[in-house]
Each structure stands twice: as C-alpha cells, then as structure tokens.
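Protein sequence lines correspond, in order, to chains C and R. In terms of this note's numbering, the first sequence opens at residue 1 and continues consecutively. In terms of this note's numbering, the second sequence opens at residue 179 and continues consecutively. Positions of the beta carbon are idealized from the N, C-alpha and C atoms, including for glycine.
2 protein chains.
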Amino acid sequence: MARESKTKFAILGMLNQGPKCGYEIKKELEKSATFFWNESYGQIYPMLKRMVREELATIEVIAREDQPDMKIYTISDKGTEELERWLKLPADPHPVRNESMLKIYFGANTTPGMVKTHITRYRDRMSQQLRDIEDQQEQLDESAEEALFKKLSLRYGELLSEAIQTWCDEAEKEISKL
Amino acid sequence: MARESKTKFAILGMLNQGPKCGYEIKKELEKSATFFWNESYGQIYPMLKRMVREELATIEVIAREDQPDMKIYTISDKGTEELERWLKLPADPHPVRNESMLKIYFGANTTPGMVKTHITRYRDRMSQQLRDIEDQQEQLDESAEEALFKKLSLRYGELLSEAIQTWCDEAEKEISKL
DNA sequence: GGCTACATGTAACAAGTTACATGATTTT
DNA sequence: AAAATCATGTAACTTGTTACATGTAGCC
Chain C
1 MARESKTKFA ILGMLNQGPK CGYEIKKELE KSATFFWNES YGQIYPMLKR MVREELATIE
61 VIAREDQPDM KIYTISDKGT EELERWLKLP ADPHPVRNES MLKIYFGANT TPGMVKTHIT
121 RYRDRMSQQL RDIEDQQEQL DESAEEALFK KLSLRYGELL SEAIQTWCDE AEKEISKL
Chain R
179 MARESKTKFA ILGMLNQGPK CGYEIKKELE KSATFFWNES YGQIYPMLKR MVREELATIE
239 VIAREDQPDM KIYTISDKGT EELERWLKLP ADPHPVRNES MLKIYFGANT TPGMVKTHIT
299 RYRDRMSQQL RDIEDQQEQL DESAEEALFK KLSLRYGELL SEAIQTWCDE AEKEISKL
C-alpha cells in the first residue's frame, strides 16, 4: 500500500469535529462510519504520534491516577489545511474484497451444496445488520443537526444490506434450478 | 495483515476452473469478479511461485521465441483439498474502506459545497458502472451454464450500483435542505 | 464474581501497491 | 502510427492486523 494513508485523513476529520483521544476516535468511527470505514488501534495510536510530530495536531496530556495518561489531540491550522486539501481531491475507488462472494463464486464449481450455506450465511448477516440499523434509527434524535450524517450513514447501510439480501434471494433461486 | 492471505484461495479457485497462466488469472478475475474481488500482478506472480513450492499447483513452462516463457499452472490434489478446506470455513467479513463516503461524511462539517461535488462524482461513477454492466449483460450467452455466476456477478454489481445511486439522490436532497 | 467499557500502546509480521523493466503482437 | 493486449516479473515501500501487555471503573 504504497499509497498515501487514508488513516491520517480519517483521524483529521474526526479531530475536526472537536478534540479527542485515540480511543474516542475509534469508537466514534465505529458508531458513525461502520458501513464505510474502519481503523484499528494499531493504526490510530502510532498515526496520532506522527501527526503531532508533523504539526497537524497538538497534544494535551491529562495525568490520571492509577490509569494511563489520557491524551487529547486537537487539530491545528496545518491539520485543517491538510484535511481540506484532501477533501478537494477526488476519491479514489478502493478495491473491493468480499470473501463471501468469492466463496460463492468458487463454490459453484466445486461443492454446490456449500454455496447455499454461504448464501444463507451472507443473507443472515445482512438481516442482522438491518435489524441493528433499524434499532439505531429509532434511537436517532431527528432534531439534532449533527445527526444528519449519522442518519444518512445508517440509510447507506440499510440500502446496501437490502440490495445484498435481494441478490441472495435471486442467487438462491437461480442456483436451485440447476 | 497478519491474516491468512486470500490471494492463495483466489488463485486456487481460478486454477480449479482449468490450467492458467498468471496473466489469465488476473484477466479472468477482472472479467468475472470485479465487483467483489481484485488482485494485482505483484501479488499473483510471487504467490504462484510459492504455491508450486508448497505443491498446491504444478508448473509447465512453454518456451516462446522473442517473448518471455509462458508458465501454465495446474492445480494439484493438495491444492484442491486446500481450496475445499477454505470453502467450508465461514467467510470473514472484510473491513470496508470507501473513500467517497468518508469525504462526504467529513465534508459536511467543513466545506458543504464540496459535498455535492463528491456525491455527484460518486453517482456518476455508479451510472457509468451500470451502463458497463448493461453492455456486458447483453453480450452474455444465456445458454452457457458456466455463465451462471458471471450473470449473478453482474446482477450483484447492478443491485449495488443502484442502491448507491438511490442513496446519492436521497443524500443530495437532505443536504440541500440545510 | 465476571463482563464490558475505558484507555494506551508496541512488536512482529504479512499483505498489498506501485513503479520499474522488457518487448512482441494485434487492433484501431 | 499509436494504442492496447499479451506476458513475466522484481524491488521498494507502506499499510494494516493481531497478539500481547497493563490496569481501573462500573455495571449486572
């Protein structure tokens, strides 16, 4: 992945919403962006350090008794500029890798019985996701303006899960015909 | 990515359809699996070598004048077993990273005007994809049994592109309200 | 009494991209 | 005449995952 790390921008974007610690960055990313983004601590913590070094953010260390120091990061002017620079650039389409589909594809040639299992599993995963999304949608505070993207993000997950479910239904029928 | 490489299985699955050279593996993957899988030559060629070493495939070298030797790989019994072992395992959901969505998400907080641009671009990409898919669907030989998954794969791409287009339309409207 | 959430990190390792290197043949 | 396709590969580099290490606080 000799390609500019997106982790930096994911963090920059999160910090742009307000000062945060590494843990919060990860949690909020999970909450609001699960359907299209993910970062691991193994990426976040080292990147935050690097970003302070590169002056994209400042760090404030809060000492706590019997617990590790909490480190609050704040985006700098340079960081804001960097974020905006990236925002102006067109997104490059990230290559997809969907293991479920790969197994279904190859399974058709080898163990046709297995294919149904994978399709069923895939559909079940989508149903579960859909239920989770609906729960979250109910809990959503419609009035909050900040919730707009949270709402749109849930809707994104909803539409995708539904589309995949539809595909699973269709695929199952087609395969049954054989 | 200290996680068992899927590249091995992608290649194994391709070779299971018949002996192939590295170039063909890549091309056929692009043709039939673009919507859910991708491999680069930088992954394929070294992996093929390793697979011969591990006796998952055998190699046949065809000498050609003025052109590099062509190397045809054939899956071995051990390779078939390995493929089937993997097929039985449940797929692990691969983490998503969709840069378009990330930009749209952060853009809402920073440069609202930019967001529309990204949404438009994203929708345009999907429209183009949809047109490509339709072209390919027309060229499809319905009678060929081998074409079943090719057909299903195109349908998968179609459903996903449509879902994303729908999302773009909705998102644009919601954002315009602000 | 046990699980989950909070909070930070590192080291080992593997995976994956891109650019480079090379050149014939076929199509437009 | 140029562009695309066929065909193989490597090296440099970065990204990203997982397992480990550590411990408190709060909830059920």
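Run down chain R in chain order and give the residues with a C-beta less than 8 Å from the C-beta of C/T166.
By 1-based counting over the first sequence, the position of residue 166 of chain C is 166. Within chain R, the residues near C/T166 are L337.
Considering only C-alpha positions, which residue in the set R/S254, R/E336, R/T298 and R/L318 is nearest to R/C346?
For the purposes of this step, residue 346 of chain R is identified with residue 168 of the second sequence, where counting begins at 1. That would be R/T298, whose Cα lies nearest to the Cα of R/C346.
Counting only Cβ pairs nearer than 8 Å, list the residues of chain R close to C/Q43.
As a position in the first sequence, residue 43 of chain C is number 43, starting the count at 1. Those within 8 Å of C/Q43 in chain R number zero; the least Cβ separation is about 11 Å.
Based on Cα-Cα distance, which residue from C/E162, C/R50, C/K150 and C/L87 lies nearest to R/P389?
In the structure as shown, chain R begins at 179 and stops at 356. Residue 389 of chain R is therefore absent and cannot be evaluated.
Taking C/V52 as part of the alpha helix (DSSP H), name the residues at either end of that continuous run.
Walking along the first sequence from the start, residue 52 of chain C turns up at place 52. That run of the alpha helix (DSSP H) goes Y41 to R53.
Exposed or buried, which one is C/E39 when buried takes at least 16 other CB atoms within 10 Å?
On the first sequence, position 39 is the one that residue 39 of chain C refers to. Label assigned to C/E39: buried.
Through-space distance from C/F106 to R/I237, alpha-carbon basis:
Against the second sequence, residue 237 of chain R aligns to sequence position 59. Against the first sequence, residue 106 of chain C aligns to sequence position 106. Those two C-alpha atoms are separated by around 22 Å.
Going by the CB atoms, is the gap between C/H118 and C/I104 shorter than 7 Å?
Position 104 of the first sequence, counted from the first residue, corresponds to residue 104 of chain C. Position 118 of the first sequence, counted from the first residue, corresponds to residue 118 of chain C. Taking 7 Å as the Cβ cut-off, C/I104 and C/H118 qualify as a contacting pair.
Suppose contacts are defined by Cβ-Cβ distances below 7 Å. Is R/M225 in contact with R/T258 by that definition?
By 1-based counting over the second sequence, the position of residue 225 of chain R is 47. By 1-based counting over the second sequence, the position of residue 258 of chain R is 80. Their beta carbons are not under 7 Å apart, which means R/M225 does not touch R/T258 by this criterion.
Measuring CB to CB, does C/L160 end up less than 7 Å from R/A341?
Translated into positions along the first sequence, residue 160 of chain C becomes position 160. Translated into positions along the second sequence, residue 341 of chain R becomes position 163. Yes, they are a contact pair.
Note the first and the last residue of the continuous beta strand (DSSP E) segment covering C/P112.
By one-based count along the first sequence, residue 112 of chain C stands at place 112. From DSSP, C/P112 is part of no beta strand (DSSP E) but of the alpha helix (DSSP H) over P112 to Q139.
So is C/K177 buried or exposed if we call it buried at 16+ other beta carbons inside 10 Å?
Within the first sequence, the letter at position 177 stands for residue 177 of chain C. It counts as exposed.
Taking the continuous beta strand (DSSP E) assigned at R/E238, which residues delimit it?
Taking the second sequence and counting its residues from 1, one reaches residue 238 of chain R at position 60. R/E238 -> beta strand (DSSP E) spans A235 to R242.
So R/G191 and R/L261 are in contact, right, with Cβ under 8 Å, and what is the actual spacing, rounded?
Locating residue 191 of chain R in the second sequence gives position 13, where the first residue counts as 1. Locating residue 261 of chain R in the second sequence gives position 83, where the first residue counts as 1. Confirmed, Cβ separation roughly 6 Å.
In whole angstroms, give me the CA-to-CA distance for R/R231 and R/Y219.
As a working note, residue 231 of chain R is residue 53 in the second sequence. As a working note, residue 219 of chain R is residue 41 in the second sequence. Taking the straight line joining both Cα atoms gives about 18 Å.
Using CA coordinates, which residue listed in C/L29, C/M101 and C/Q128 is at the minimum distance from C/K116?
Indexing the first sequence from 1 puts residue 116 of chain C at position 116. If we check each option's Cα against that of C/K116, C/M101 comes out closest.
Distance check for C/E158 and R/K351, CA to CA, integer angstroms please.
Against the second sequence, residue 351 of chain R aligns to sequence position 173. Against the first sequence, residue 158 of chain C aligns to sequence position 158. Roughly 17 Å separates the two Cα atoms.
Note down, in chain order, each residue of its chain lying with its Cβ closer than 7 Å to the Cβ of R/K204, except the 5 sequence neighbours on either side.
Looking up residue 204 of chain R in the second sequence gives position 26. Same-chain partners within the cutoff: E217, Y219 and I222.
Since R/A286 and C/E99 are thought to touch, with beta carbons under 8 Å apart, how far apart are those beta carbons, to the nearest angstrom?
As a position in the second sequence, residue 286 of chain R is number 108, starting the count at 1. As a position in the first sequence, residue 99 of chain C is number 99, starting the count at 1. 31 Å between Cβ atoms; not a contact.
Under 9 Å, CB to CB, which of the residues in the stretch 222-237 of chain R have a partner in chain C?
none
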